[in-house]
Amino acid sequence: MTDQPPSLESGAIYRGADLSACGWSDADLTDAVFEDCVIEGAAVGEAVLQTARFRRCRITGVRFSHADLREALFEDCVFADPQAKTGPVFVFSRLDEAVFRRCDLTLARFERSSLHAIQMEDCNLRGARFEQADFSRGFGRKVVRVEATFRRCNFDLADLSAARLPGCDLSASDFREADLSAADLEGADLRKANLFGALLGDARLANADLRGAEVSGLDLAALATREGMKIDIDQQHRLLSALGLDVHLE
Numbered sequence: 012m013t014d015q016p017p018s019l020e021s022g023a024i025y026r027g028a029d030l031s032a033c034g035w036s037d038a039d040l041t042d043a044v045f046e047d048c049v050i051e052g053a054a055v056g057e058a059v060l061q062t063a064r065f066r067r068c069r070i071t072g073v074r075f076s077h078a079d080l081r082e083a084l085f086e087d088c089v090f091a092d093p094q095a096k097t098g099p100v101f102v103f104s105r106l107d108e109a110v111f112r113r114c115d116l117t118l119a120r121f122e123r124s125s126l127h128a129i130q131m132e133d134c135n136l137r138g139a140r141f142e143q144a145d146f147s148r149g150f151g152r153k154v155v156r157v158e159a160t161f162r163r164c165n166f167d168l169a170d171l172s173a174a175r176l177p178g179c180d181l182s183a184s185d186f187r188e189a190d191l192s193a194a195d196l197e198g199a200d201l202r203k204a205n206l207f208g209a210l211l212g213d214a215r216l217a218n219a220d221l222r223g224a225e226v227s228g229l230d231l232a233a234l235a236t237r238e239g240m241k242i243d244i245d246q247q248h249r250l251l252s253a254l255g256l257d258v259h260l261e
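The working numbering numbers the first residue of the sequence shown as 12 and each following residue consecutively.
In structure tokens:
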């Protein structure tokens with residue numbers, strides 16, 4: 012007689028369990044807690060995981076479709092499958108105010124999902140793709156606010172082209188060879204970020220704070236906007252030299 016997978020219930024606490032074979036689709040798991048659990052190959056369709064808590068879980072090969080992940084918390088979770096070379100898929104899902112800390116989201120795909128006020132800190136997003144991800148929320152007919160936080164995250168080779176992240180906190184994140192073309196980063200906090208090799212053609216960087224950032228190779232002429240961009244003394248030589256100017260410090 013084979014063991015039956017545990018049933019999933021809202022508010023329940025699961026520790027050290029393999030929940031791969033559970034019925035995730037349409038499940039109401041509001042406020043549920045998952046610690047040291049394994050979830051592999053699950054199709055999480057239209058599940059409600061609002062305010063759920065995941066700690067030290069392995070969540071690989073999982074597709075979140077039309078899932079409600081608002082205010083969910085993920086800490087020290089692994090979503091990437093290095094053998095299959097795949098990451099998690101979030102499609103038509105709601106991740107508003109969700110929090111990810113120290114998670115491996117390599118090759119993650121965020122497609123047509125709502126990510127307003129999402130927070131990610133110390134996460135690996137290498138090769139991640141954000142296709143029509145929406146970081147905004149409407150407050151009334153005329154007020155639309157954009158909010159997102161990505162601190163100390165690894166965006167190597169990630170695709171953030173045309174992403175709208177004005178005024179957002181991207182500080183100390185690594186964007187080496189990431190695609191930021193046509194991205195709206197006006198007023199964004201990019202202090203101590205690494206933009207070496209990033210594609211920034213037609214990106215909007217007006218009023219962005221780049222103090223302490225790695226800006227070698229950044230072509231100011233290729234930007235859509237740059238007025239009011241904040242840099243420090245050590246950066247001005249590299250940026251002006253990239254424009255073909257002969258900079259003399261004396």
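Note that beta-carbon positions come from the ideal geometry of N, C-alpha and C, so glycine has one too.
Check	Outcome
Is DSSP giving residue 241 helix, strand or coil here?	strand
Compare the C-alpha of residue 285 against each of 126, 125, 95 and 45 and name the closest.	Residue 285 lies beyond the range of the chain shown here (12 to 261); nothing can be said about it.
Could you give the distance in angstroms between the alpha-carbon of residue 217 and the alpha-carbon of residue 168?	24 Å
Can residue 48 and residue 72 be called in contact, C-beta distance under 9 Å?	no
Between residue 265 and residue 223, which are expected to be in contact by the criterion C-beta below 8 Å, what is the C-beta distance as a whole number of angstroms?	Limits of the chain in this structure are 12 at one end and 261 at the other, which puts residue 265 out of reach.
Just verifying my parser: in three-state terms, what is the DSSP assignment at residue 18?	coil
Residue ranges of each beta strand (DSSP E) run of no fewer than 3 residues wholly in the region 70 to 157, ordered along the chain?	74 to 76, 84 to 86, 100 to 102, 110 to 112, 120 to 122, 129 to 132, 140 to 142, 147 to 149 and 155 to 157
Less than 9 Å between the beta carbons of residue 39 and residue 58, yes or no?	yes
Which residues in the same chain have their Cβ closer than 6 Å to the Cβ of residue 69, if we skip the five residues on either side of it in sequence?	49 and 89
Do residue 227 and residue 211 have their CB atoms nearer than 9 Å?	no
Using a threshold of 9 Å, state whether the C-beta atoms of residue 102 and residue 119 are closer than that.	no
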